[in-house]
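Asker: Per full-length UniProt numbering: the first sequence ends with 289, consecutive numbering throughout.
Encoded as structure tokens, here's the structure I'll be asking about.
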Amino acid sequence: MESNPGNSMISPIENSVSPPSGKRQKTLSNKDVDQCDDDTSHQVVIYKNGKSDRGLDAQNESHFSVEPSKPSKRGSAKQIGAFAVQCAKCQKWRIISTKEKYEEIRERIQEDPFFCEKAREWKPNVSCNDPSDISQDGSKLWAIDKPNIAQTPQGWERLIRLRSEGRTKFADVYYRSPTGTQLRSLKEVEKYLAEHPQYVTQGVALSHFSFTSPAPLQKDYVRKRLQTSQSGVAHNGSTKLFQPKEVQPVSWAAPPVDDDPENKKLVLYNENNLPEVVQSEPAAGANEA
DNA sequence: GCCACCGGTGGC
DNA sequence: GCCACCGGTGGC
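This is the structure in structure tokens:
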């Protein structure tokens with residue numbers, strides 16, 4: 001038995017803001033991604049600088065959609081563009097069709113490793129022989145999600161809101177209750193459930209909630225208290241996209257790091273309006289809507 | 001007025 | 001030192 005489920009999941013996130021006026025000035029350039037932390041192996045993020053998304057592997061983007069349920073009041077919010085999971089066998093990334101499916105997989109990723117075949121539920125003939133659905137080329141913002149996060153209860157929604165670069169935190173996690181109430185901590189959930197016992201009766205429990213947010217691959221996305229380079233890491237935040245080849249094997253995938261409960265999932269963020277996918281290998285069919 | 005976004009901080 | 005929690009507030 002393979003000692004480790006070693007697959008990770010990621011989810012591309014994109015900036016769904018689609019302001020016609022589009023004056024996004026943040027365009028991180030390629031410096032963003034510096035995946036140093038080799039040991040973490042649990043979080044990755046890629047930021048997409050608005051370049052071209054030429055060879056999009058569209059087939060996925062069409063399905064997924066993390067609809068912002070609300071036209072985002074502030075146009076700056078970045079939204080998750082897609083969710084992906086890494087095959088425990090071939091290490092390739094597969095875009096997961098829906099957020100729900102993603103959460104379902106994430107919840108059991110350790111006991112029930114993900115393999116390309118599983119993606120056939122929404123991508124008919126896919127196998128390990130097919131190219132990865134997305135590649136880490138620095139054109140998107142990536143973040144690794146934590147494993148073992150319970151599936152969001154029916155009727156509820158788990159939201160991840162990214163903060164902008166340079167803030168003190170990477171993202172905020174919220175839950176939206178069936179009645180539309182947004183809750184931002186376990187305490188609030190606890191209180192809410194106490195006030196709405198019907199959900200408890202239905203089986204909703206505190207253990208079904210987790211406010212643990214994904215972490216960015218780009219380590220300096222979040223402002224550090226002191227950016228001294230005390231750890232002689234290879235952290236060269238200058239301009240450079242990390243090289244897919246080199247990087248891939250690192251963190252996220254980390255098949256060998258089985259005991260690391262962390263490294264299981266990833267989330268990918270993207271600042272553009274386009275949903276998805278990087279110009280990875282020309283996957284089969286680029287059928288963009 | 002509401003709420004998305006942010007920073008501060010107390011507790012671990 | 002990290003992160004869960006929460007209050008403040010500016011943009012809409």
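Positions of the beta carbon are idealized from the N, C-alpha and C atoms, including for glycine.
Cα separation between alanine 88 and isoleucine 149?
Answerer: Translated into positions along the first sequence, residue 88 becomes position 88. Translated into positions along the first sequence, residue 149 becomes position 149. So the two alpha carbons sit approximately 19 Å from each other.
Asker: List the residues that DSSP assigns as beta-bridge partners of aspartate 172.
Answerer: The residue you call residue 172 lines up with position 172 of the first sequence. Paired residues: Arg161.
Asker: Report back the beta-carbon spacing between arginine 163 and alanine 171 to the nearest angstrom; my notes put them in contact at under 8 Å.
Answerer: What you label residue 163 is simply residue 163 of the first sequence in a count that begins at 1. What you label residue 171 is simply residue 171 of the first sequence in a count that begins at 1. At roughly 6 Å, the Cβ-Cβ gap stays under 8 Å, so arginine 163 and alanine 171 are in contact.
Asker: Would you identify the three-state DSSP class for leucine 206, choosing helix, strand or coil?
Answerer: Working through the first sequence from its first residue, we reach residue 206 at position 206. Residue state, collapsed to three classes: helix.
Asker: I'd like the list of long-range same chain contacts for proline 153, defined as Cβ closer than 6 Å, with 5 residues on each side in sequence excluded.
Answerer: Mapped onto the first sequence, residue 153 falls at position 153. Around proline 153: Val204, His208.
Asker: Among Arg158, Gly81, Leu141, which one has its Cα closest to the Cα of residue 298?
Answerer: Nothing can be reported for residue 298: it is not among the residues displayed for the chain, which extend from 1 to 289.
Asker: How would you label valine 200, buried or exposed, when you count the other beta carbons within 10 angstroms and need 16 or more for buried?
Answerer: As a working mapping, residue 200 is identified with position 200 in the first sequence. With fewer than 16 other Cβ atoms within 10 Å, it is exposed.
Asker: Leaving out the 5 sequence neighbours to the left and right, which residues in its chain are closer than 7 Å to phenylalanine 115 when beta-carbon positions are compared?
Answerer: On the first sequence, residue 115 is found 115 positions in, with the first residue counted as 1. Excluding positions up to five away in sequence, the list reads Cys87, Ala88, Lys89.
Asker: Please report the straight-line C-alpha distance between serine 177 and tryptophan 156, rounded to a whole angstrom.
Answerer: Working through the first sequence from its first residue, we reach residue 177 at position 177. Working through the first sequence from its first residue, we reach residue 156 at position 156. In a straight line, the C-alpha of serine 177 is about 5 Å away from that of tryptophan 156.
Asker: Out of Glu121, Thr98, Cys128, which has the shortest C-alpha to C-alpha gap to alanine 82?
Answerer: The residue you call residue 82 lines up with position 82 of the first sequence. That would be Thr98, whose Cα lies nearest to the Cα of alanine 82.
Asker: Rounded to a whole number of angstroms, what is the C-alpha to C-alpha distance between glutamine 202 and isoleucine 109?
Answerer: Here residue 202 refers to the residue found at position 202 when the first sequence is read from its first residue. Here residue 109 refers to the residue found at position 109 when the first sequence is read from its first residue. Cα-Cα distance, rounded: 25 Å.
Asker: Let me check one thing: in DSSP terms, what residues is residue 314 bridge-paired to?
Answerer: Residue 314 is absent from the model: the chain starts at 1 and stops at 289.
Asker: If you draw a straight line from the C-alpha of alanine 119 to the C-alpha of glutamate 104, how long is it?
Answerer: For the purposes of this step, residue 119 is taken as the residue at position 119 of the first sequence. For the purposes of this step, residue 104 is taken as the residue at position 104 of the first sequence. Those two C-alpha atoms are separated by around 13 Å.
Asker: What whole-angstrom Cβ distance do glutamate 188 and leucine 206 have, given they're in contact under 8 Å?
Answerer: Here the question's residue 188 lines up with position 188 in the first sequence. Here the question's residue 206 lines up with position 206 in the first sequence. Not a contact, Cβ separation roughly 11 Å.
Asker: Per DSSP, which residues does leucine 183 bridge with? Please list them.
Answerer: Start at 1 with the first residue of the first sequence, and residue 183 comes out as number 183. Answer is Tyr175.
Asker: Output the distance between the C-alpha atoms of tyrosine 175 and serine 127, rounded to the nearest integer angstrom.
Answerer: Residue numbering aside, residue 175 sits at position 175 when the first sequence is read from its first letter. Residue numbering aside, residue 127 sits at position 127 when the first sequence is read from its first letter. Distance between the alpha carbons of tyrosine 175 and serine 127 is about 34 Å.
Asker: What three-state label does DSSP hand isoleucine 134 in the structure shown?
Answerer: Here residue 134 is taken as the residue at index 134 of the first sequence, counted from 1. Coil, per DSSP.
Asker: Under the three-state reduction of DSSP, which class applies to isoleucine 149: helix, strand or coil?
Answerer: Start at 1 with the first residue of the first sequence, and residue 149 comes out as number 149. Correct three-state label for isoleucine 149: coil.
Asker: What number of angstroms, rounded off, separates the C-alpha of threonine 168 from the C-alpha of asparagine 125?
Answerer: The residue given as residue 168 occupies position 168 in the first sequence. The residue given as residue 125 occupies position 125 in the first sequence. Threonine 168 and asparagine 125: Cα-Cα distance of roughly 43 Å.
Asker: Which of the three DSSP states, helix, strand or coil, is assigned to isoleucine 109?
Answerer: Looking up residue 109 in the first sequence gives position 109. Isoleucine 109: coil per DSSP, three-state reduction.
Asker: Please return the same chain residues whose Cβ sits closer than 7 Å to the Cβ of isoleucine 160, not counting the five positions on each side in sequence.
Answerer: In the first sequence, counting from the first residue as 1, residue 160 sits at position 160. Only Ile80, Ala171, Val173, Ser213, Pro214 meet the Cβ criterion.
Asker: Kindly indicate the opening and closing residues of the alpha helix (DSSP H) around valine 126.
Answerer: The sequence position of residue 126 within the first sequence is 126, counting from 1. Note, valine 126: premise wrong, no alpha helix (DSSP H); not H, not E.
Asker: Given this structure, state the Cα-to-Cα distance separating glutamate 107 from serine 210, to the nearest angstrom.
Answerer: Counted from its first residue, the first sequence places residue 107 at position 107. Counted from its first residue, the first sequence places residue 210 at position 210. So the two alpha carbons sit approximately 11 Å from each other.
Asker: Just confirm the distance between the C-beta atoms of arginine 94 and aspartate 133, as a whole number of angstroms; I'd bet it's less than 8 Å.
Answerer: Sequence index remark: in the first sequence, residue 94 carries index 94 (1-based). Sequence index remark: in the first sequence, residue 133 carries index 133 (1-based). That belief holds up - the Cβ atoms of arginine 94 and aspartate 133 are roughly 5 Å apart, short of 8 Å.
Asker: With the cut-off set at 9 Å, would you say aspartate 130 and lysine 101 are in Cβ contact?
Answerer: Mapped onto the first sequence, residue 130 falls at position 130. Mapped onto the first sequence, residue 101 falls at position 101. For aspartate 130 and lysine 101, no; Cβs fall outside 9 Å.
Asker: So glutamine 198 is in the alpha helix (DSSP H); what residue range does that whole segment cover?
Answerer: Here residue 198 corresponds to residue number 198 of the first sequence, with the count starting at 1. Element bounds for glutamine 198: 197-201.
Asker: What does the alpha-carbon distance come out to for the pair glutamine 198 and lysine 146?
Answerer: Position 198 of the first sequence, counted from the start, is the residue given in the question as residue 198. Position 146 of the first sequence, counted from the start, is the residue given in the question as residue 146. Rounded to whole angstroms, glutamine 198 to lysine 146 spans 29 Å at the Cα level.
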